[in-house]
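K.L.:
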Amino acid sequence: MSDQSISPQPSVAPDDRNDAPQDAHDGLAGAGAPPAPPEADAAAEATAVAEATAVAEADTENEALAVSEVIEAMEAAEASNTPAHDEAAPITVAQVPEPVSRVTAEAMARLADGDDGVSAEAEQAGEHLAQTAAELELGEPEVGEAPAPVQGEAATMVAPIDAEHAVDTTAPLDAPPAGEAAAASATVEATDSAIPSPAPPAPAAGAPTPTPPAAPAPQQDSARFGRVDDDGTVYVRTPEGERPVGSYPGASPEEALAYFARKFDEVDALADLLYQRVTQTDLSAKDAHDSLTNLRQASRDLHAVGDFVALQTKVENIATALEARRVIDAEQRAAAREQALAQREKIVAEAERIAAQPEAKVQWKASSARMRALLDEWKAAQRGGPKLDREAEQSLWQRLSSSRNSFDKMRRVHFAQLGSAQSQAKAAKEELVAEAEKLVGSTDWGATAGAYKRLMDRWRQAGRAARSDDDALWKRFKAAQDQFFAGKDAVVAAENEEFKANLAVKEELLTQAQQLLPVRNVESAKAALRTLQEKWDAAGKVPRSDMDRMERGMRRIEQTVREAEDKRWKSSNPEVAARAASLASQAEAALEKYRKDLAKAQASGDQRRITKAREALQAREAWLKQARAGLAEFGG
-17 MSDQSISPQP SVAPDDRNDA PQDAHDGLAG AGAPPAPPEA DAAAEATAVA
33 EATAVAEADT ENEALAVSEV IEAMEAAEAS NTPAHDEAAP ITVAQVPEPV
83 SRVTAEAMAR LADGDDGVSA EAEQAGEHLA QTAAELELGE PEVGEAPAPV
133 QGEAATMVAP IDAEHAVDTT APLDAPPAGE AAAASATVEA TDSAIPSPAP
183 PAPAAGAPTP TPPAAPAPQQ DSARFGRVDD DGTVYVRTPE GERPVGSYPG
233 ASPEEALAYF ARKFDEVDAL ADLLYQRVTQ TDLSAKDAHD SLTNLRQASR
283 DLHAVGDFVA LQTKVENIAT ALEARRVIDA EQRAAAREQA LAQREKIVAE
333 AERIAAQPEA KVQWKASSAR MRALLDEWKA AQRGGPKLDR EAEQSLWQRL
383 SSSRNSFDKM RRVHFAQLGS AQSQAKAAKE ELVAEAEKLV GSTDWGATAG
433 AYKRLMDRWR QAGRAARSDD DALWKRFKAA QDQFFAGKDA VVAAENEEFK
483 ANLAVKEELL TQAQQLLPVR NVESAKAALR TLQEKWDAAG KVPRSDMDRM
533 ERGMRRIEQT VREAEDKRWK SSNPEVAARA ASLASQAEAA LEKYRKDLAK
583 AQASGDQRRI TKAREALQAR EAWLKQARAG LAEFGG
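Under our numbering, residue 618 is the last one in the sequence shown; the count climbs by one each step, no gaps.
1. DSSP puts serine 229 in a beta bridge; with which residues?
2. Based on the DSSP output, what are the partners of threonine 430 in its beta bridges?
3. How is threonine 220 classed by DSSP in three states: helix, strand or coil?
4. Is the beta carbon of valine 227 closer than 9 Å to that of valine 287?
5. So, for threonine 42: in the same chain, excluding its five sequence neighbours on each side, which residues have a beta-carbon less than 7 Å away from its beta-carbon?
6. Rounding to the nearest angstrom, what Cα-Cα distance links leucine 573 and glutamate 489 in this structure?
7. Can you give the beta carbon distance from arginine 381 to valine 344, rounded, assuming they're within the 8 Å contact cut?
8. Taking its Cβ as the centre, do 16 or more other Cβ atoms sit within 10 Å of alanine 253, making it buried, or is it exposed?
9. What three-state label does DSSP hand glutamate 171 in the structure shown?
10. Contact between the stretch 427 to 440 and the stretch 389 to 396 is defined here as three or more beta-carbon pairs at a separation below 8 Å; is this criterion met?
11. Count the other CB atoms, across all protein chains shown, that sit within 10 Å of the CB of valine 218; report buried if there are 16 or more and exposed otherwise.
12. Where does alanine 416 land, buried or exposed, given buried means 16+ other C-beta within 10 angstroms?
13. Where do the ends of the beta strand (DSSP E) carrying valine 524 lie?
14. Checking 9 Å against the spacing of the C-beta atoms, do alanine 318 and glycine 367 come in under that value?
15. Taking 6 Å as the limit between beta carbons, can you name the residues of its chain near lysine 517, skipping five residues before and five after?
16. If you measure between the beta carbons of glycine 469 and threonine 425, is that distance less than 9 Å?
17. Just to confirm before moving on: does the CB-CB distance between phenylalanine 481 and glycine 423 stay below 9 Å?
18. Roughly how many angstroms lie between the CA atoms of valine 524 and asparagine 478, to the nearest whole one?
19. Could you have a look at arginine 502 and say whether DSSP puts it in helix, strand or coil?
20. Whole-angstrom Cβ separation of leucine 284 and leucine 256, contact assumed at under 8 Å?
21. Let me confirm a value: proline 231 is counted as buried when at least 16 other C-beta atoms fall within 10 Å, else exposed. Which label applies?
22. If I'm right that leucine 293 touches glutamate 332 with Cβ under 8 Å, what's the distance once you round it to whole angstroms?
23. Enumerated in chain order, which unbroken segments of the alpha helix (DSSP H) with a length of 4 residues or greater are wholly contained in the stretch 438 to 508?
24. So the candidates are Lys508, Asp528, Ala507, Asp371; which of them puts its Cα closest to the Cα of valine 487?
25. Assign arginine 209 to one of three DSSP states: helix, strand, or coil.
26. With C-beta atoms as the reference, is serine 383 less than 9 Å away from glutamate 334?
27. Going by beta-carbon coordinates alone, are alanine 403 and glycine 445 separated by less than 9 Å?
28. Looking only at its own chain, which residues have a Cβ that is under 7 Å from the Cβ of glycine 535, when we skip the five neighbours before and after it?
29. Between the alpha carbons of leucine 414 and glutamine 406, how many angstroms are there, rounded?
30. Sort Glu373, Ala270, Pro221, Gly208 by Cα distance to alanine 240 and report the nearest one.
31. Around the Cβ of threonine 593, are there at least 16 other Cβ atoms within 10 angstroms (buried) or fewer (exposed)?
32. Return yes when the Cβ of alanine 609 is within less than 9 Å of the Cβ of glutamate 569, no when it is not.
33. From the DSSP output, in three-state form, read off leucine 370 for me.
34. Check whether the stretch 500 to 507 touches the stretch 542 to 549, counting contact only when three or more Cβ pairs, one atom from each stretch, lie closer than 8 Å.
35. Three-state secondary structure (DSSP) at glutamine 404?
36. Aspartate 311 to arginine 244, Cα distance in whole Å?
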């Protein structure tokens, strides 16, 4: 023990412990708490811890710290031992509060977290200390003159124990006990009615330790709402009057008030924290309601000293903020549902538009892909979006399902018909290919070329087969055509070489025929042209590329000679000449009559008659001119 640097905890004198009221002692005696261990057990515990310390000093710094805490607890117990007392005096948690169990539990946790160097004897000693501390924390409160269940950690009484094992490890009263501030902010459910339990195990060496929040309010502000009676009972002042909250034997009135004020400040800090969470975080309404319910229960059952009116006001403010939060959440949920409903409606409307397309205008690949994408969008909105009204969602889903079924039915019918049409087209084109392949070896170039042209027309009318079948059949059909026309082109090329000499002869004949123009003597021109035509036919064929040019030149000369012959015949026809002379004489007689009409109109001075007579006279003069020209052609 002497090797460890330990600051012993303050102890309470036996006389102070025996000052507890008798009625509280009687109440504790009936609690059935186990008696404290004998003096020999305390010595054995000290020996075991000493051995554990000796082993721990050779290990890591964390091991030494864990064993040191066990030794501190043991030395605090030894320091409180006094000469033999035959009767055990009742003590309160104020005399042996939770730090005993907390220190022991933290030490045991560190030992369990990997301090393998500590001996089994030290572990057994630590476990015994933890059990002893747990026993010290059991008991009943002391309030007023009669034993009554007063909740709160500060008012909890413990069972009578042997005086030599009565340990006071109470922390200094000017600050909250270790861990109280962290426990106060950890959860709203922590109330004074809960039985104190050991603190959670301390984190292993090297692990981050959360920083406890600061105390929410000065203790003296809460302490002014209470007082301590002469018998040590602590009272709190409320608008309804004073009521007892507990006692702190062995402590001064200021220390007792400070302790119960700390208990009030813890709950008050929880109220402030919950208000901030409700107003400044995204805490759900359900969690906030549960926390508020626990806070109400804690404030009602709280045995502490403080401004309960202000605390109740804070609780009501939290309730008001929570209700406002619920209204906002409800509005947001409603807006989200409206937006989700609009999105679903948009999906359904697009699906209905796709399904309503005329079959002839549907782009099946793109429309099918879009319909699948719309279904995926619906599923994603259903999984990740807000929940819609069941009736509205069912209605929209039925519309979407109906659109999908209608589109799928139309698609199946379309592709079934398309498959049938493609099968028929395939059969027809297979027949065309067979016919084309039979004509490949034909040397009847003209007739076979015409046959291939007719086969090509039938191919276009047969429709389209499946792409793979259509491509394969077209390849065979085109190959047959190419083979035939390649043979034909080879023969034509050979003929062209042979016909080049004939071309030279016909070009010379065409030049001679062009010299007959213009026709001056019809009979001589006809005789010369007849001789040239006989030589033209005897010259034979010319190359195909020059055939049209040569034929057009000869036909133009023949047409000119024929027109000259027709003109000469018309001019020598007596019957036609007589008709021309008669027409000229009639025009002259009519012209004389219109001249007289014009003279009469001029004599009358009627301008309208003059204009009309002059126009008629001019027309007859034009007729007479044409009649005389026709008569001149016949030599009249």
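All C-beta atoms, glycine included, are put in the ideal place defined by N, C-alpha and C.
P.N.:
Here's the rundown:
1. Per the DSSP secondary-structure output, serine 229 pairs in a beta bridge with Thr215.
2. Partner(s): none; threonine 430 has no beta bridge.
3. When secondary structure is reduced to three states using DSSP, threonine 220 falls in the strand class.
4. Result yes, Cβ atoms of valine 287 and valine 227 sit closer than 9 Å.
5. Legend: pLDDT at threonine 42 = 38, less than 50; position of this residue unreliable, value from coordinates given subsequently. Answer for threonine 42: no residue qualifies.
6. Approximately 57 Å between the Cα atoms of the pair.
7. Contact flag wrong, Cβ pair sits at about 19 Å.
8. By the neighbour-count criterion, in which 16 or more other beta carbons inside 10 Å mark a residue as buried, alanine 253 falls on the buried side.
9. Per-residue confidence for glutamate 171 stands at a pLDDT of 39, beneath the threshold of 50, marking its modelled position as unreliable; the derived number appears in the next sentence. Three-state DSSP puts glutamate 171 in coil, outside helix and strand.
10. Touching, no, given that fewer than three Cβ pairs across the two stretches are closer than 8 Å.
11. Buried, because 16 or more other Cβ atoms sit within 10 Å of the Cβ of valine 218.
12. Burial call: exposed.
13. Valine 524: not part of any beta strand (DSSP E); DSSP gives it neither H nor E.
14. Cβ distance < 9 Å, so alanine 318 and glycine 367 count as in contact.
15. Once the five neighbours on either side are set aside, the close Cβ partners of lysine 517 are Leu491.
16. Result yes, Cβ atoms of glycine 469 and threonine 425 sit closer than 9 Å.
17. In this structure, glycine 423 does not lie closer than 9 Å to phenylalanine 481 by Cβ.
18. Each residue's Cα considered, the two are about 7 Å apart.
19. Residue state, collapsed to three classes: coil.
20. The Cβ separation is near 15 Å, so there is no contact.
21. Buried, since its Cβ has 16 or more Cβ neighbours within 10 Å.
22. About 58 Å separates the Cβ atoms of leucine 293 and glutamate 332, ruling out a contact at the 8 Å cut-off.
23. Runs found: 449 to 496.
24. The residue from Lys508, Asp528, Ala507, Asp371 with its alpha-carbon nearest to that of valine 487 is Asp528.
25. Strand.
26. Going by C-beta atoms, serine 383 is not nearer than 9 Å to glutamate 334.
27. Contact: yes.
28. So the qualifying residues of the chain are Leu492.
29. Straight-line Cα distance between these residues: approximately 13 Å.
30. With respect to the C-alpha of alanine 240, the residue from Glu373, Ala270, Pro221, Gly208 having the closest C-alpha is Gly208.
31. By the beta-carbon neighbour count (other beta carbons within 10 angstroms, threshold 16), threonine 593 is exposed.
32. According to the sequence provided, residue 569 is alanine. The question's glutamate does not apply to it. Yes, the pair counts as a contact, with Cβ atoms nearer than the cut-off.
33. In the three-state scheme derived from DSSP, where H, G and I count as helix and E and B as strand, leucine 370 is classed as coil.
34. In this structure the stretch 500 to 507 touches the stretch 542 to 549; the number of beta carbon pairs closer than 8 Å is three or more.
35. Assigned with DSSP and collapsed to three states, glutamine 404 falls in helix.
36. Near 36 Å, if we compare the C-alpha coordinates of arginine 244 and aspartate 311.
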